[in-house]
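A.B. asks: The structure that follows is given in the form of structure tokens.
Chains as they are written, first to last, in my numbering: chain A, 978 to 1364; chain B, 978 to 1364.
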């Protein structure tokens, strides 16, 4: 297999973007990525698009072709493929792009992610998102994602030393980081009291524990490492791409507050990249709910099971801590356009490794990791990138 | 890149399968493919699943994980990825499986396709399928797929010598072939009169010009060619995998009765396989409507533009003719569970090249081709397989 590098990144503003359609969003992200790589559209060999549920959100399938068309790439009739794995759709699209280049099948490949979630009737987005869970055994009996992650939080807090205040420190830290991210949906800092006094969504999770409903798109361009310097002075090498699955229903798991797919994908990624935890300078984890970040840093092995509350309280996940987590602001502050999130994570790591993250910069960052989850952990994609 | 071979195939019966759920269908197809390859589930390294619109048909996304789970493959936490390109979803899932093995990333990979279309309210399937077209510029103004293909047929018949009777010969031939295919939805022969006297759907297309709404699943297993004989005495080599895109809306095309994506994908496939038209012993084309087969055999280059009517009338597309087309019965007789069709086409070619096609057998078939179309030609996948 050939080594692969990221040569361009682009990301729209995330938020309730009323002035932009689904099509506008991905065209914007793609154009930004092309500009970043100094490329024109005709040089693109193939495209992979992560999108969870345009069928439900905008009644549109066939997203690969739609995007190739509206991005002006059908003159060269490029292969364009949609990849879906719920909220991990972006991470899997990135992985397929990497495999396509690694195989030698393609050279310059766009991996994009897009979701337009806000332009639907009230309740419709929650119902569409439930399609990421087991519709027959979870959705039909009334479980929603806040409910499922609340069960994880309840179980976790019963078994391990994590207080409600500790849990609030996750969104407090992510909002602090996101305040310095120009694309973030919510750029204000919050306090533990903000979280504790916010509306109860699904006990023990409150409004500020939950990532929002968001419109947005992100794109990255990958190429063979040996050609990367034709396009950029700062190619970012993909050291590992890993993916794992687990039961789609939470109740079928061995342990509902441990994501075995995160453990499996993490181990595979560390093995492929031949690096250790101490080598990772920052990680973007999938904090769709605050408890998800707690589980992620444990299941990826950055601290031991049950210790993430203490680890977070000690500031070890902050910029300057042992392992900065979600320097972008994470899903909580950036927002979570589900198909785009996995690609946005890659954009953040690339910015950090290039030293272009401004006030969010982790000094001297050389190696970064992304962790993108579908559903309650039925799909997990982990990538490791390095300068 | 490594050479890749098909080592196992499996297909459910296609039809209105009331007794089987979406989950039952793909588990059945996968189990048949594993049995055919003499494998157990633990040996599978990864899975790609083609599915168009489970979000609309059964309110379920996250299809890769769902299938890995219900197929009992989550104990090894395999990567499982859904691929979507409307009615070409199956063809693209097969292509991604081939790329994954060719890259060296994986060894034993399942490519599956599934769709459960009949268990919805009247009209809902037509609306879901319209998600394969341009929802904003075609769907919202009332165009459906029979309507779009009727425009292609009208344009074609105005410009080229194709009579209504010639067009009827396409489903007549496909029903004749399908009568000998145990998985086909409609296994009775029909006559030209059956077609001409059937209900008008969208002028000039009548009921028997249109592929039906169908439930079904199909699966194939691919492996590195160098390992294929561990599993089967008759490995079928993948000589080419090609994919192309075009504008999603029909009215944006250069020529609405020529599918440029078919031309592009076909040329790429012939180049990659290093074979010529005369080397192809049979082809499965995407006859979602009878006119689509007429366009396909021209755009793939088996006859010249405008000559497919004559070519069909002369029997050149029948078994025993110059290029047998749709020996399986095609989408018309087999039925068209959209995500599964591209995989079923591969199953048919593999059966033919193994010499296991029974009364449908093309004598001495050594090389076969598949042609799978998304929408009105915005995505096309072409594969060439050989013994």
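Where is the CB? At the ideal position from N, CA and C, for every residue including glycine.
(1) Under a three-way DSSP split, which group does residue 1259/A fall into?
(2) CA-CA distance, residue 1161/B and residue 1259/B?
(3) Of all the options 1171/B, 1038/B, 1076/B, 1276/B, which has the alpha carbon lying nearest to the alpha carbon of residue 1064/A?
(4) Does the beta carbon of residue 1200/B sit closer than 8 Å to a beta carbon anywhere in chain A?
(5) With contact counted as at least three CB pairs below 8 Å, one residue from each stretch, are the stretch 1038–1049 of chain A and the stretch 1098–1107 of chain A in contact?
(6) With distance defined between alpha-carbon atoms, name the residue in 1163/A, 1165/A, 1186/A nearest to residue 1173/A.
(7) So what's residue 1354/B in DSSP terms, helix, strand or just coil?
(8) What number of angstroms, rounded off, separates the C-alpha of residue 1241/B from the C-alpha of residue 1054/A?
(9) Please classify residue 1255/B as buried or exposed, where buried requires at least 16 other C-beta atoms within 10 Å of its C-beta.
(10) Check whether the Cβ atoms of residue 1312/B and residue 1148/B lie closer than 8 Å to each other.
(11) Select from the stretch 1220–1231 of chain A all residues with a C-beta closer than 9 Å to any C-beta belonging to chain B, and list them in chain order.
(12) Determine the direct distance from the alpha carbon of residue 1005/B to that of residue 997/B, and round the result to whole angstroms.
(13) Got a sec, what are the start and stop residues for the alpha helix (DSSP H) residue 1274/A sits in?
(14) In this structure, how does DSSP classify residue 1024/B when only helix, strand and coil are distinguished?
(15) Would the beta-carbon of residue 1080/A fall within 8 Å of that of residue 1315/A?
(16) With 8 Å as the threshold, decide whether the Cβ of residue 1085/B is near any Cβ in chain A.
(17) Using a Cβ-Cβ distance under 8 Å, would residue 1074/B count as near chain A?
(18) Using the Cβ count rule (16 or more neighbours within 10 Å means buried), how would you classify residue 1052/A?
(19) Flag residue 1322/A as yes if its beta-carbon sits less than 8 Å from any beta-carbon of chain B, otherwise no.
(20) Measure the C-alpha to C-alpha separation of residue 1230/B and residue 1017/B and round it to an integer number of angstroms.
(21) Between the Cα of residue 982/A and the Cα atoms of 1209/A, 1011/A, 1036/A, which residue gives the shortest distance?
(22) In three-state terms, what does DSSP make of residue 1162/A?
(23) Report all residues from its chain with a CB closer than 7 Å to the CB of residue 1157/A; omit the five preceding and five following residues, and keep chain order.
(24) Once the 5 residues before and after residue 1101/A are set aside, which same chain residues still bring their CB inside 7 Å of it?
(25) Can you check whether the CB of residue 1214/A is closer than 8 Å to the CB of residue 980/A?
(26) Tell me which same chain residues have a C-beta within less than 7 Å of the C-beta of residue 1151/B, skipping the five on either side of it?
(27) Using a threshold of 8 Å, state whether the C-beta atoms of residue 1125/A and residue 1353/A are closer than that.
(28) Should the stretch 1131–1140 of chain A be called in touch with the stretch 1282–1295 of chain A, which here means at least 3 C-beta pairs below 8 Å?
(29) For residue 1003/A, count neighbouring Cβ atoms within 10 angstroms of its own Cβ and tell me buried if that reaches 16, exposed if not.
(30) By the criterion of Cβ-Cβ separation under 9 Å, what are the contact partners of residue 1046/A in chain B?
(31) Can you tell me which of the three DSSP states residue 964/B falls into?
(32) Just to confirm my understanding: we take residue 1198/A, look at its own chain, exclude 5 residues before and 5 after, and list those with CB closer than 6 Å. What are they?
(33) Which runs of the beta strand (DSSP E) spanning at least 3 residues fall entirely within the stretch 1178–1225 of chain A, listed in chain order?
(34) When Cβ atoms are compared, which residues of the stretch 1053–1073 of chain B fall closer than 7 Å to chain A?
(35) Assuming contact is defined by CB atoms lying nearer than 8 Å, are residue 1225/B and residue 1046/A in contact in what I supplied?
(36) Going by the CB atoms, is the gap between residue 1221/B and residue 1196/B shorter than 8 Å?
C.D. replies: Let me spell this out:
(1) strand
(2) 18 Å
(3) 1038/B
(4) no
(5) no
(6) 1186/A
(7) coil
(8) 7 Å
(9) exposed
(10) no
(11) 1220, 1221, 1222, 1223, 1224, 1225, 1226, 1229
(12) 10 Å
(13) 1267–1276
(14) strand
(15) no
(16) no
(17) no
(18) exposed
(19) no
(20) 47 Å
(21) 1209/A
(22) coil
(23) 1335, 1336, 1337
(24) none
(25) yes
(26) 1264, 1303, 1306, 1307, 1309, 1310
(27) yes
(28) yes
(29) buried
(30) 1111, 1222, 1223, 1224, 1225, 1226, 1229, 1355
(31) Chain B is shown from 978 up to 1364; residue 964/B falls before or after that span and cannot be answered.
(32) 984, 985, 1010, 1014, 1087
(33) 1193–1201, 1213–1222
(34) 1054, 1055, 1056, 1057, 1058, 1059, 1060, 1061, 1062, 1063, 1069, 1073
(35) yes
(36) no
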